[in-house]
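Q: Going by our numbering, the letters in the sequence shown line up with residues 23 to 246, in that order. Ideal Cβ placement from N, Cα and C applies to all residues, glycine included.
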Amino acid sequence: MSIKNWPATERPREKLLQQGVSALSDAELLAIFLRTGITGIDAVSLARQLLSQFGSLKSLLSANQQQFCAAKGLGEAKFVQLQAVLELSKRYLEQQIQRDTVFTDPATVKRYLQHAISHKQREEFLLLYLDSQHRLIKTESLFSGTIDASPVYPRIVVQHALAHNAAAVILAHNHPSGVAEPSRADRSITERLVQALMLVDIKVLDHFVVGDTDVISFAERGWL
23 MSIKNWPATE
33 RPREKLLQQG
43 VSALSDAELL
53 AIFLRTGITG
63 IDAVSLARQL
73 LSQFGSLKSL
83 LSANQQQFCA
93 AKGLGEAKFV
103 QLQAVLELSK
113 RYLEQQIQRD
123 TVFTDPATVK
133 RYLQHAISHK
143 QREEFLLLYL
153 DSQHRLIKTE
163 SLFSGTIDAS
173 PVYPRIVVQH
183 ALAHNAAAVI
193 LAHNHPSGVA
203 EPSRADRSIT
213 ERLVQALMLV
223 DIKVLDHFVV
233 GDTDVISFAE
243 RGWL
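1) Within the continuous beta strand (DSSP E) that includes Glu162, where are the two ends?
2) Starting from the N-terminal side, write out each stretch of the alpha helix (DSSP H) that is 4 residues or longer and does not extend beyond the stretch 172-232.
3) My output table needs one value for Leu115: the three-state DSSP class, helix, strand or coil.
4) At what residue ranges does the stretch 48-109 contain a whole run of the alpha helix (DSSP H), taking only runs of 4 or more?
5) Among Lys132, Leu110 and Arg70, whose alpha-carbon lies nearest the alpha-carbon of Asp234?
6) Less than 7 Å separating the beta-carbons of Pro173 and Leu215?
7) CA-CA distance, His141 and His156?
8) Checking 7 Å against the spacing of the C-beta atoms, do His195 and Tyr151 come in under that value?
9) Find out if the Cβ-Cβ distance for the pair Lys160, Ala138 is shorter than 7 Å.
10) On the DSSP letters alone, give me the boundaries of the alpha helix (DSSP H) that Val131 sits inside.
11) Helix, strand or coil, according to DSSP, for Leu46 in the structure here?
12) Excluding five sequence neighbours on each side, which residues of the same chain lie with their C-beta closer than 7 Å to the C-beta of Ala65?
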């Protein structure tokens, strides 16, 4: 049966308008993005098949062009659309944290970081450079590495923070495993960075570790 023949309360678009976007499942949201199904399969059923094929929404969203376009019902046009949607979301949240003092709303920073790096298949280390009022100067991806680790060099962090005239920084990196819990290595490199940046009078406000569904804050844990 075509989605057009479903009860209005079950159609993804109508459900979104009536109940809000948070009421929709991953498959329903993906179906709205797909717009149409394929021969013999409606958009919601196709979305469910794709989520099953890729294993998760994160895996689908982070798939490279070849992987994405090889799936039935997808293709280059959909890949381009998806990349545009992801980048729009990232820029929207970045503009939100640029507008105000970053540290007045850590929840927005967490949402931004999830959009920016939670889907990355390799570990990536970000710095958010802040001025003396803790307003965002720039976000920079400084290091990226293997699936399990990203090499972080304090000397390079200090050089870049000084180059951006930062008064403070926020550190962030993702765990491609999806588990946000900080490791001993995460705590060790944070201590080294705090000490290195302290020598040039730059304060580390927080270090966020980003997983699939959670973002851990060192400051909230009392580690900074």
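A: Looking at the coordinates:
1) In the sequence shown, counting from the first residue as 1, residue 162 sits at position 140. Its beta strand (DSSP E) spans residues Leu158 to Ser166.
2) Those alpha helix (DSSP H) runs which fall completely within the stretch 172-232 and span 4+ residues are 176-185 and 206-220.
3) Working through the sequence shown from its first residue, we reach residue 115 at position 93. Leu115: helix per DSSP, three-state reduction.
4) The qualifying runs are 48-56, 65-76, 79-83 and 87-92.
5) Counted from its first residue, the sequence shown places residue 234 at position 212. Checked all of Lys132, Leu110 and Arg70; the closest Cα to Asp234 is Lys132.
6) Residue mapping note: residue 173 aligns to position 151 of the sequence shown, counting from 1. Residue mapping note: residue 215 aligns to position 193 of the sequence shown, counting from 1. Cβ atoms of Pro173 and Leu215: not closer than 7 Å.
7) Position 119 of the sequence shown, counted from the first residue, corresponds to residue 141. Position 134 of the sequence shown, counted from the first residue, corresponds to residue 156. Distance between the alpha carbons of His141 and His156 is about 27 Å.
8) Along the sequence shown, one-based indexing puts residue 195 at 173. Along the sequence shown, one-based indexing puts residue 151 at 129. Contact: no.
9) The count along the sequence shown starts at 1 and reaches residue 160 at position 138. The count along the sequence shown starts at 1 and reaches residue 138 at position 116. With respect to the 7 Å criterion, Lys160 and Ala138 are not classified as neighbours on the basis of their beta carbons.
10) Position 109 of the sequence shown holds residue 131. Unbroken alpha helix (DSSP H) run through Val131: Pro128 to Ile139.
11) Here the question's residue 46 lines up with position 24 in the sequence shown. Leu46: coil per DSSP, three-state reduction.
12) Working through the sequence shown from its first residue, we reach residue 65 at position 43. Scanning its chain for C-beta atoms nearer than 7 Å, with the 5 sequence neighbours on each side dropped, one finds around Ala65 the residues Ile25, Ala53, Leu56, Arg57, Thr58 and Gly59, in chain order.
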